[in-house]
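In my numbering, each residue's number is its place in the sequence shown (first place is 1) plus 362. This report concerns only the one structure given below.
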Amino acid sequence: MSTNPELFPAIGSVVDQTQKLPVEAQTVEVTLDEERPVQEIESLCMRCEQQGVTRLLLTSIPYFREIIVMSFRCEHCGFSNNEVQSAGSIRPEGTVYTVRVLAREDLDRQIVKSNTCSVEIPEFELTIPPGRGQLTTIEGLIRDIIIDLGADQPLRRVENPAAYEKIEGILSRCRDIVGDDEDEEADENATGEVKAPKRASEMDTPMQPFTIRLNDPAGNSFVEFVGSMADPKWNLRTYHRTRQQNIDLGLVAPDEPAPEAPAEAQEKEGEGEPLLNENEEIFTFPGTCSSCGHPCNTNIKKVNIPYFKDVLIMSTNCDKCGYRDNEVKSGAAISPQGKRITLKVEDREDLSRDILKSESCGMSIPEIELVLQAGTLGGRFTTVEGILDQIYEELSDKVFASGDSRSDKDSFEQFLKKLKAVKNVEHPFTLILDDPLANSYLQNLYAPDPDPNMTIEMYDRTWQQNEELGLNDMKVEGYEADAQQESEKSEPAKADASKDEAKSS
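Laid out in structure tokens, this is it:
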């Protein structure tokens, strides 16, 4: 359904149009007049219960979607409030926007934060839970954090000194980014005019890099990118919502039954007991969390991949610290040969192919000179798009968190731009999986017929590869005779030892 462009004009044109209007036209009550983009409605103030004014602005964010900006103010008690609501529907998938703030100009990036969105700054160990919607910038978000956390600091200092010190550390880092508000109070210059506070992006002081991550299950939040979606500091990832998230969004009733089990798990016709498939059983093994040391369980499930083999999917989730880890291992015998899979990716449809990358598999993309050695990322069962997202996040986290020289970071940013272009399939590229154990898999869209864009090559492992995999010393046949020979050799030695013990006694 197309949106009326006059009803939701772009936010830039709204600003230009408003600036051209006389002051009275911007402030008086506005009806559906095209010359007045802001609508005003009388509404009840929830603080003093008098009549206030709510201003509504229907606008659209470029490369995003339509939103409603609301601003309420009560002239009786001075209460004011601002909020942003989505004018569209809930998206089919949740979204996670990640921005690396490396320079002060990044503080001017625009943010649309819906009321279902949580914000995380990992470097500050800070998570902002879902709340009111906002249309702001990264600088505005940091200033809101200072105001919200700093309001109760005097009380925390007396009642909970430990929490006070922890929050004061966060506030100190935030003030270093936007400047100390206490020293920037409006002062008057020689002409008696009030000086506006200096924008954080215009300051000359150094700034510690940090990361902003917006997680919105409804998919109605947004962070501005610079130039295009190939911006190396900007990343978008989508995910499927959980059942609980659908309940929180009102899409599923809490008492609605969960989806029925697959037909294979239902009872056989004419039999009194259910059909138990060996691939449906989940095994749970107790263990210890590698992050916090508390007890946690690892769940293992056997899964059969069509036209491939059985694999084991392992999942670890710690309830104490939130640590999560997923890994895939082969559930079949060691292949006598290695396997090399080459896929020519030409469109976005190829990104939806299922991929199983074992921990012994190496991966490369020659067009951007990307080479991942065996063991990188561990075992993963995902899609081509999913594994490219994981590679991008891993590499960007490490380069932006390191203290390398500026020239090294610039060259790596160029590489990340190429990787993002590959993720968006802006040009064809070649994906190569090389697994000496042949435990990796790439979905054939034409199965059981050959895939014209994919070639599979089986090759003999070298002696060095067998040595690294521990196969040269592994013997699975005829080991009974070796065990018998070892026992025969050990009998004379035992007899000599018993004689020595008798002499000494």
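Beta carbons: idealized from backbone N, C-alpha and C, even for Gly. Here the structure is a predicted model, which means the values were calculated and not measured.
Among the options, the one whose alpha carbon lies nearest that of residue i
i, options, result
"G502", "Q847, D468, A513", "D468"
"G440", "T460, E830, P454, Q412", "Q412"
"D470", "I574, R453, N608, E485", "I574"
"T489", "V481, L674, M676", "V481"
"M565", "S590, R715, I539", "I539"
"N661", "S653, T646, D672", "T646"
"E788", "D712, I452, R409", "D712"
"V400", "L406, T416, C410", "T416"
"T604", "N597, G612, Q699", "G612"
"E437", "T457, I429, N582, E404", "E404"
"T359", "L497, R409, E487, E689", "Nothing about residue 359 can be read from this structure; the chain reaches only from 363 to 867."
"L831", "P728, D610, E689, G737", "G737"
"E819", "S442, R742, G700", "G700"
"E729", "L781, V431, L576", "L781"
"I429", "N659, D835, I473, C410", "I473"
"V690", "K682, T499, K719, D772", "K719"
"V882", "E455, E402, T457", "In the structure as shown, the chain begins at 363 and stops at 867. Residue 882 is therefore absent and cannot be evaluated."
"E487", "Q606, P812, K779, I529", "I529"
"P810", "L732, A524, F670, K779", "F670"
"G741", "K779, N688, R710, A524", "N688"
"E731", "L517, K779, D709", "K779"
"L757", "R710, D709, N597, P814", "N597"
Rounded straight-line distance, which links the Cα of residue j to that of residue i
i, j, result
"L419", "R537", "31 Å"
"Q515", "G531", "12 Å"
"T824", "K595", "41 Å"
"L739", "E721", "8 Å"
"G655", "Y685", "11 Å"
"N806", "M816", "8 Å"
"P648", "S692", "21 Å"
"I508", "L533", "6 Å"
"R519", "L511", "13 Å"
"M591", "H602", "22 Å"
"G589", "T650", "46 Å"
"P616", "K785", "37 Å"
"E521", "E527", "12 Å"
"E485", "Y459", "16 Å"
"F777", "C407", "53 Å"
"L705", "I794", "6 Å"
"Q827", "K664", "28 Å"
"F584", "I483", "16 Å"
"L674", "E755", "25 Å"
"P798", "Y808", "25 Å"
"A625", "R453", "Any reading at A625 needs caution, since the residue's pLDDT is 44, under 50, leaving its predicted position unreliable; the model's value is listed next. Rounded to whole angstroms, A625 to R453 spans 30 Å at the Cα level."
"N679", "I644", "15 Å"
"R435", "G414", "6 Å"
"A580", "D593", "24 Å"
"N582", "M836", "55 Å"
"T457", "L576", "8 Å"
"E386", "T499", "Only weak support is given to the placement of E386: the predicted model assigns it a pLDDT of 44, under 50, and the value that follows is read from those uncertain coordinates. Using only the alpha carbons, I get a separation of about 28 Å."
"Q607", "E775", "35 Å"
"K682", "D772", "39 Å"
"A513", "P657", "38 Å"
"E455", "R710", "17 Å"
Beta bridge counterpart(s) of residue i as assigned by DSSP
i, result
"F486", "Paired residue(s): none; F486 is not in a bridge."
"M432", "L418, E445"
"N577", "V458, S480"
"Q699", "Note: Q699 sits in no beta bridge, so no partner."
"G325", "Outside the displayed span of the chain (363 to 867) sits residue 325, for which this structure offers no information."
"E404", "V415"
"D716", "T745"
"K475", "Q496"
"C734", "Per the sequence shown, residue 734 should be read as Leu rather than Cys. L734 pairs with M725."
"P568", "Beta-bridge pairing links P568 to no other residue."
Beta-carbon proximity of residue i to residue j, cut-off 7 Å
i, j, result
"V314", "F587", "The structure shown has nothing for residue 314, since the chain only spans 363 to 867."
"R466", "M569", "yes"
"E445", "R494", "yes"
"I800", "S677", "Per the sequence shown, residue 800 should be read as Ala rather than Ile. Going by C-beta atoms, A800 is not nearer than 7 Å to S677."
"I749", "I717", "yes"
"P571", "L734", "no"
"D796", "R702", "yes"
"P492", "T478", "yes"
"D751", "R561", "no"
"S714", "T745", "yes"
"C723", "S652", "no"
"A694", "D672", "yes"
"S476", "D578", "yes"
Residue i beta carbon near the ligand NAP (any heavy atom closer than 6 Å)
i, result
"P594", "Absence of the ligand NAP is noted for the structure shown, with no ligands found whatsoever."
* **Ordered list of beta strand (DSSP E) runs contained in the segment 652-697, each at least 3 residues** => Within the segment 652-697, the runs of beta strand (DSSP E) at least 3 residues long that lie entirely inside it are, in chain order, 657-666, 672-679, 686-692.
* **Contained alpha helix (DSSP H) runs [length at least 4] in the segment 765-838, N- to C-terminal order** => Segments of the alpha helix (DSSP H) lying fully in the segment 765-838: 768-785, 825-830.
* To do: Could you name each continuous beta strand (DSSP E) segment of 3 residues or more that falls completely within the segment 581-614, going from the start of the chain to the end?
  => Every beta strand (DSSP E) of 3 residues or more that sits fully in the segment 581-614 is shown, in chain order, as 596-601.
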